[in-house]
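Right, one structure below, let's go through it.
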Amino acid sequence: MRALVHLVLFAVVAGLTHIVSIFLIPLVTHQDIFSRLEAGAPVNQLAAIDNADLKSFPFADTNLAVAICRYDLTTGPVRLRVPLSETFLVITLAERTSGIFSSVSDRAATRGVLDVVVATAPQLDRIARLDDEDQAVEEIRVAAPGPKGLAILKVFIDRPSSREKAEALLRRAQCESESLPN
Amino acid sequence: MRLLLILTTIILGLLAGGWMTLQMTGPAAHLVARKVGQWYFEPHAGAPTADPYTRARVFTTGELPLATGEGYVLRADRDSSGEPLASSCSYRLSGPFPPARYWTAMVFDPSGRPLPNLADRHGFTSAEVIRGTGSRFAIEIGPEPLAGNWLPLSARTGAFVVLLRFYETPLSATATQFDARTLPALDRTGCLP
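Here it is, written out as structure tokens:
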């Protein structure tokens with residue numbers, strides 16, 4: 004009887020530890036890619052990740068030119084503008100403790116630019132109210148779950164000779180905070 | 041005495057729970073991934089709907105998953121016959137590649153570092169690969185120089201992993217109806233003595 008009590012206690016403690024730790028890992032770890040990219044990155048500004056840094060991330064695809072923008076929406080939405088690439092171009096949006104929440108690829112670009120506005124839900128409401136009814140909205144609006152996060156810009160490098168071009172393209176990209184009129 | 045016994049049970053429970061977590065999230069954990077032929081595939085790793093196990097794994101491995109709309113990754117640590125991949129052997133990656141705007145085929149050591157080699161080549165992109173008639177192609181992976189698209193291995197490396205990334209695919213990453221016949225095969229072609 005006492006052995007059974009101990010067995011049940013063991014199973015309950017083991018089960019609880021397992022479940023709690025699975026949920027805690029994303030909240031406490033700092034070895035994940037989002038924390039590592041975010042560390043030391045300037046806020047609301049683009050920062051290029053050079054190829055040597057990219058190689059230090061496990062299983063990284065080095066056939067990419069990568070830049071990140073750590074955004075903070077507390078003062079207003081953030082606008083990302085990337086000129087179009089001949090190859091695949093994608094903006095992945097992520098939060099440090101929950102991972103990727105959205106991505107926008109160059110298929111969604113208009114007039115040669117991929118134009119993405121990241122905003123919180125209340126900011127999106129205000130932007131929608133400010134919209135001119137006669138004009139089509141050309142930017143892509145993404146609702147961020149929280150005010151802080153990370154935009155990862157990736158340009159595919161199809162052959163070694165196009166690396167320079169892809170990196171130059173990301174240097175021309177923009178990540179800026181915008182203030183909404185009252 | 042009784043208290044000590046209870047305490048021991050609790051400590052053992054904590055250890056067992058922690059061990060289970062390590063098993064489920066560590067590099068050897070394939071439980072959260074689907075398997076098609078020799079390819080492992082984590083359909084929700086880059087989605088906000090990732091289950092807690094997938095999410096915990098993404099955060100422990102330190103990898104950047106592809107977002108759901110971006111594409112998907114296939115990973116193999118065994119060849120078509122089920123044998124573990126060894127860098128002293130040669131392999132041929134051939135057969136149907138799923139449709140994608142671009143793909144990359146890369147080799148890594150089991151912890152995800154690029155394999156050191158003299159040619160400094162760690163993979164091929166869909167644009168780089170040399171194609172034969174009917175745009176057929178094969179990628180040769182091995183320690184000895186091979187004709188065609190050769191991905192060099194260093195015989196000393198030991199185990200290795202092959203990663204295929206498909207960018208912008210008409211098949212969504214959450215499409216789980218993959219069939220082994222629609223994916224490339226990774227066949228062993230020989231081994232160093």
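Chains D and U supply the protein sequences, listed in that same order. Position one of the first sequence corresponds to residue 4 (the working numbering), numbered consecutively onward. Position one of the second sequence corresponds to residue 41 (the working numbering), numbered consecutively onward. Backbone N, C-alpha and C fix where the C-beta goes; we use that ideal spot for every residue, glycine too.
Taking a beta-carbon distance threshold of 8 angstroms, T95/D counts as an interface residue toward chain U. Shown here for T20/D: not one same chain residue has a beta carbon closer than 7 angstroms to its own, the five before and five after excluded. For V201/U, the pairing in a beta bridge is given by DSSP as F148/U.
Selection L186/U, V98/U, P136/U, R171/U evaluated against H33/D yields V98/U as nearest (Cα-Cα). Inter-segment contact for the stretch 195-202 of chain U and the stretch 149-166 of chain U is present: three or more beta-carbon pairs are separated by less than 8 angstroms. When C-beta atoms of the stretch 146-153 of chain D are compared with those of the stretch 109-124 of chain D, three or more pairs fall below 8 angstroms, so the two segments count as touching. Put simply, the CB of I71/D is far from chain U, with every gap to its CB atoms at 8 angstroms or more. For the 8 angstroms CB-CB criterion, F218/U and F81/U form a contact. Every beta strand (DSSP E) of 3 residues or more that sits fully in the stretch 91-143 of chain U is shown, in chain order, as 111-116, 129-134.
Of all residues in the stretch 45-68 of chain D, only K58, F60, P61, F62, A63, D64, T65, N66 place a beta-carbon less than 8 angstroms from a beta-carbon of chain U. For T90/D, the chain U residues whose Cβ falls inside 8 angstroms of its Cβ are Y142, in order along the chain. Taken through DSSP and simplified to helix, strand or coil, T61/U comes out as helix. Look at the stretch 7-60 of chain D and you find these whole runs of alpha helix (DSSP H), each 4 residues long or longer: 36-41, 54-58. Interface with chain U (8 angstroms Cβ-Cβ cutoff): T20/D is included. The Cβ neighbour count for S164/D, taken over all protein chains shown within 10 Å, is under 16; the residue is labelled exposed. In the three-state DSSP reduction, G152/D falls in the strand class (E or B). Remark: C-beta atoms of C72/D and A154/D approach each other more closely than 8 angstroms. Taking a contact to require three or more Cβ pairs closer than 8 angstroms, the stretch 102-113 of chain U and the stretch 76-92 of chain U qualify as touching. For L114/U, no chain D residue has a Cβ inside 7 angstroms of its Cβ, as the nearest lies near 12 angstroms away.
Cβ-Cβ separation between G163/U and A145/U: approximately 6 angstroms, consistent with a contact (criterion under 8 angstroms). A straight line joining the alpha-carbon of R171/U with that of Q63/U spans about 41 angstroms. Taking the C-beta atoms as reference points, R129/D is found nearer than 8 angstroms to L183/D. For Q177/D, the enclosing beta strand (DSSP E) starts and ends at 177-180. Per DSSP, reduced to three states, the secondary structure at D118/D is strand.
The beta carbon of T100/U lies closer than 8 angstroms to those of T65, G66 in the same chain, with the five residues before and after it left out.
Rounded to whole angstroms, the separation of the alpha carbons of H9/D and I46/U is 7 angstroms. Counting along the chain, the unbroken beta strand (DSSP E) around L226/U starts and ends at 225-231. For D75/D, same chain residues with a beta-carbon under 7 angstroms away, outside a window of 5 residues either side, are V46, N47, P150, K151 in chain order. Along the stretch 91-141 of chain D, the alpha helix (DSSP H) occurs as fully enclosed runs of 4 or more residues at 124-133, listed in sequence order. Of all residues in the stretch 102-134 of chain U, those with a C-beta nearer than 9 angstroms to a C-beta of chain D are G102, E103, L104, P105, L106, A107, T108, G109, E110, G111, V113, R115, reading in chain order. In the DSSP assignment, L67/D is bridged to F159/D. Using a Cβ-Cβ cut-off of 8 angstroms, A87/U counts as an interface residue toward chain D, since at least one Cβ of chain D sits closer than that to its own.
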